[in-house]
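*Asks:*
Number of protein chains: 2
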Amino acid sequence: MSRKPVVRMAELEIDPDRLDAYRALLTEEIEASVRLEVGVLSLSAVSIRDAPNRIRILEVYADKGAYEAHLRTPHFLKYKSETAGMVTSLTLIEVDPISMRAKP
Amino acid sequence: MSRKPVVRMAELEIDPDRLDAYRALLTEEIEASVRLEVGVLSLSAVSIRDAPNRIRILEVYADKGAYEAHLRTPHFLKYKSETAGMVTSLTLIEVDPISMRAKP
Numbered sequence: 011m012s013r014k015p016v017v018r019m020a021e022l023e024i025d026p027d028r029l030d031a032y033r034a035l036l037t038e039e040i041e042a043s044v045r046l047e048v049g050v051l052s053l054s055a056v057s058i059r060d061a062p063n064r065i066r067i068l069e070v071y072a073d074k075g076a077y078e079a080h081l082r083t084p085h086f087l088k089y090k091s092e093t094a095g096m097v098t099s100l101t102l103i104e105v106d107p108i109s110m111r112a113k114p
Numbered sequence: 011m012s013r014k015p016v017v018r019m020a021e022l023e024i025d026p027d028r029l030d031a032y033r034a035l036l037t038e039e040i041e042a043s044v045r046l047e048v049g050v051l052s053l054s055a056v057s058i059r060d061a062p063n064r065i066r067i068l069e070v071y072a073d074k075g076a077y078e079a080h081l082r083t084p085h086f087l088k089y090k091s092e093t094a095g096m097v098t099s100l101t102l103i104e105v106d107p108i109s110m111r112a113k114p
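Residue numbers (the numbering used here), protein chains in the order written: chain A, 11 to 114; chain B, 11 to 114.
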């Protein structure tokens, strides 16, 4: 299995009436994933200022195995099932890192 | 001046004939910014797999002052002038963080 990092961007649209509940579930899922999964390197979720129900998430996993393991975790499955009725559009974009740097 | 983090997403399209040169200049600029500027918290640049001349950059600054100082640094000004003829489209999207977590 490739040891290359897997980087992905998700673009979501959320039912505006469910936005507060969605944000809480997403925050919980991100915090659990980075805390509990050794192969989840970073998850960065933002909302577009002029359209706060449009969300983008930049996801960085250590490798393909880490990404596939993430999809089977209880916290991800909870997020996925509890937000299913809130997400009106989901686009997954495969991306390749050019340079990713953060303060230690 | 507000101490709130400033988060921004840039979407760029690069002249495909200049892509290698652009990527080198962007990488140099990102590494210098995170290393030299205390207020640049992270810069994450990726290319879209199916259209590698389409670049997205997620930028996180400590506050508005840090962002404004970044725009005046020699490494940013060098990047800006040297890539000016390579960038065919630039869209800046103001975003607000929901949750941003990374491994320490």
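All C-beta atoms, glycine included, are put in the ideal place defined by N, C-alpha and C.
Under 8 Å, with one C-beta from each stretch per pair, do the stretch 20-39 of chain A and the stretch 21-33 of chain B reach the 3-pair mark?
*Replies:* With the cut-off at 8 Å, the stretch 20-39 of chain A and the stretch 21-33 of chain B do not touch.
*Asks:* Using Cβ-Cβ distances below 7 Å, what residues of the stretch 94-111 of chain A are close to chain B?
*Replies:* Hits within the stretch, in order: 103, 104, 105, 106, 107, 108, 109, 110, 111.
*Asks:* May I have a chain-ordered list of the beta strand (DSSP E) segments no shorter than 3 residues that lie completely inside the stretch 35-111 of chain B?
*Replies:* The qualifying runs are 50-58, 61-71.
*Asks:* Of all the CB atoms in chain B, is at least one closer than 9 Å to the CB of residue 81 of chain A?
*Replies:* Counting from one through the first sequence, the residue named residue 81 of chain A turns up at place 71. With 9 Å as the cut-off, residue 81 of chain A does not count as an interface residue toward chain B.
*Asks:* Using 10 angstroms around the beta-carbon of residue 101 of chain B, count the other beta-carbons present and answer buried if the total reaches 16, otherwise exposed.
*Replies:* On the second sequence, position 91 is the one that residue 101 of chain B refers to. It is exposed - the Cβ of residue 101 of chain B has fewer than 16 other Cβ atoms within 10 Å.
*Asks:* Give me, in chain order, the residues of the same chain whose beta-carbon lies closer than 6 Å to that of residue 1 of chain A; leave out the 5 immediate sequence neighbours on both sides.
*Replies:* Chain A is shown only over 11 to 114; residue 1 of chain A falls outside these bounds and no answer can be derived.
*Asks:* Please report the straight-line C-alpha distance between residue 81 of chain B and residue 74 of chain B, rounded to a whole angstrom.
*Replies:* Taking the first residue of the second sequence as position 1, residue 81 of chain B is located at position 71. Taking the first residue of the second sequence as position 1, residue 74 of chain B is located at position 64. Rounded to whole angstroms, residue 81 of chain B to residue 74 of chain B spans 11 Å at the Cα level.
*Asks:* Once the 5 residues before and after residue 50 of chain A are set aside, which same chain residues still bring their CB inside 7 Å of it?
*Replies:* Locating residue 50 of chain A in the first sequence gives position 40, counting from the first residue. Excluding residues within five positions, the ones whose Cβ falls inside 7 Å are 43, 44, 71, 76, 80.
*Asks:* Compare the C-beta of residue 114 of chain A against all C-beta atoms of chain B and say whether one is closer than 9 Å.
*Replies:* By 1-based counting over the first sequence, the position of residue 114 of chain A is 104. Yes, residue 114 of chain A lies at the interface with chain B (some Cβ there is under 9 Å from its Cβ).
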